[in-house]
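Q: For the sequence shown, this note's numbering assigns the number 8 to the initial residue and increments by one for each residue that follows. Yeah, the Cβ is synthetic: ideal placement off N, Cα and C, and Gly gets one too. Here it is, the structure, as structure tokens.
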Amino acid sequence: MKVILQEDVKNVGKVGQLINVASGFARNYLFPKKLAMLATEKKVNEWNHLQRVAEAKKKKAIGQRQELVNQLKSVTLKFEMESASDSEKIFGSITNMDISDRLEAEGFQVDKRDIHLEEPIRVLGQHKALIKLGEGLEAEVTIAVDKKA
Numbered sequence: 008m009k010v011i012l013q014e015d016v017k018n019v020g021k022v023g024q025l026i027n028v029a030s031g032f033a034r035n036y037l038f039p040k041k042l043a044m045l046a047t048e049k050k051v052n053e054w055n056h057l058q059r060v061a062e063a064k065k066k067k068a069i070g071q072r073q074e075l076v077n078q079l080k081s082v083t084l085k086f087e088m089e090s091a092s093d094s095e096k097i098f099g100s101i102t103n104m105d106i107s108d109r110l111e112a113e114g115f116q117v118d119k120r121d122i123h124l125e126e127p128i129r130v131l132g133q134h135k136a137l138i139k140l141g142e143g144l145e146a147e148v149t150i151a152v153d154k155k156a
């Protein structure tokens, strides 16, 4: 009996797979637990259409993220922070959240969890922050920390 899995089933298959299983297994286990549906021609065509739509959305999202990466590569974020007069250390630190807020003010929508710093920035000067947007897309943003006048 051919069925389309609606959830991952251990040792059977993953969501969306069209598989052939024993009739008893389908009737007694998969159908009552709503883990699968009977693979009629209409449902197979419907499922294929949904797969194509999902793939198109994914490609569009990747394209948008690639465009964002290209724009972010040329961005330099400037922060003016208070520091002791004889020291390069700043009062407080610059974190992922601060960088995310500054990027949002510049017109870029980047989640703070996508920004990777080795550690929070605590000294004046030029620093780099890596922004990972998934699918291998990464951009490096320059962070310029200057002394507040």
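Buried or exposed for residue 105, going by 16 or more other Cβ atoms inside 10 Å?
A: Numbered from its first residue, the sequence shown carries residue 105 at position 98. Burial call: buried.
Q: Look at residue 117 and residue 138 and say whether their C-beta atoms are less than 7 Å apart.
A: Sequence index remark: in the sequence shown, residue 117 carries index 110 (1-based). Sequence index remark: in the sequence shown, residue 138 carries index 131 (1-based). Contact flag set, yes.
Q: Taking a contact to mean a Cβ-Cβ separation below 7 Å, would you say residue 109 touches residue 140 in this structure?
A: Start at 1 with the first residue of the sequence shown, and residue 109 comes out as number 102. Start at 1 with the first residue of the sequence shown, and residue 140 comes out as number 133. In this structure, the beta-carbon distance from residue 109 to residue 140 does not fall below 7 Å.
Q: Based on Cα-Cα distance, which residue from 113, 155 and 68 lies nearest to residue 90?
A: Reading the sequence shown from its first residue, position 83 is the one you call residue 90. Checked all of 113, 155 and 68; the closest Cα to residue 90 is 155.
Q: For residue 104, does the three-state DSSP call read helix, strand or coil?
A: Walking along the sequence shown from the start, residue 104 turns up at place 97. Helix, per DSSP.
Q: Use the C-beta contact count for residue 134: other C-beta atoms within 10 angstroms, 16 or more gives buried, fewer gives exposed.
A: Taking the sequence shown and counting its residues from 1, one reaches residue 134 at position 127. Buried.
Q: Count Cβ pairs between the segment 30 to 50 and the segment 13 to 22 that sit closer than 8 Å; are there 3 or more?
A: Three or more beta-carbon pairs drawn from the segment 30 to 50 and the segment 13 to 22 are found closer than 8 Å, and the two stretches are therefore classed as touching.
Q: Measuring straight from C-alpha to C-alpha, what distance separates residue 75 and residue 8?
A: Residue mapping note: residue 75 aligns to position 68 of the sequence shown, counting from 1. Residue mapping note: residue 8 aligns to position 1 of the sequence shown, counting from 1. Between residue 75 and residue 8, the C-alpha separation is close to 47 Å.
Q: Return yes when at least one heavy atom of the ligand NAD lies under 6 Å from the C-beta of residue 77, else no.
A: As for the ligand NAD, it is missing from this structure, which has no ligand bound.
Q: In terms of residue numbering, what span does the beta strand (DSSP E) encompassing residue 145 cover?
A: For the purposes of this step, residue 145 is taken as residue 138 along the sequence shown, with counting starting at 1. Residue 145 -> beta strand (DSSP E) spans 145 to 154.
Q: Using CA atoms only, rank isn't needed, just tell me which of 87, 147 and 50 is closest to residue 130.
A: Against the sequence shown, residue 130 aligns to sequence position 123. Closest by alpha carbon: 87.
Q: Determine whether the Cβ of residue 22 lies closer than 7 Å to any Cβ atom of chain C.
A: Here there is only one protein chain, and chain C is not present.
Q: Under 7 Å, do residue 148 and residue 82 count as touching if we go by C-beta distance?
A: Looking up residue 148 in the sequence shown gives position 141. Looking up residue 82 in the sequence shown gives position 75. Yes, the pair counts as a contact, with Cβ atoms nearer than the cut-off.
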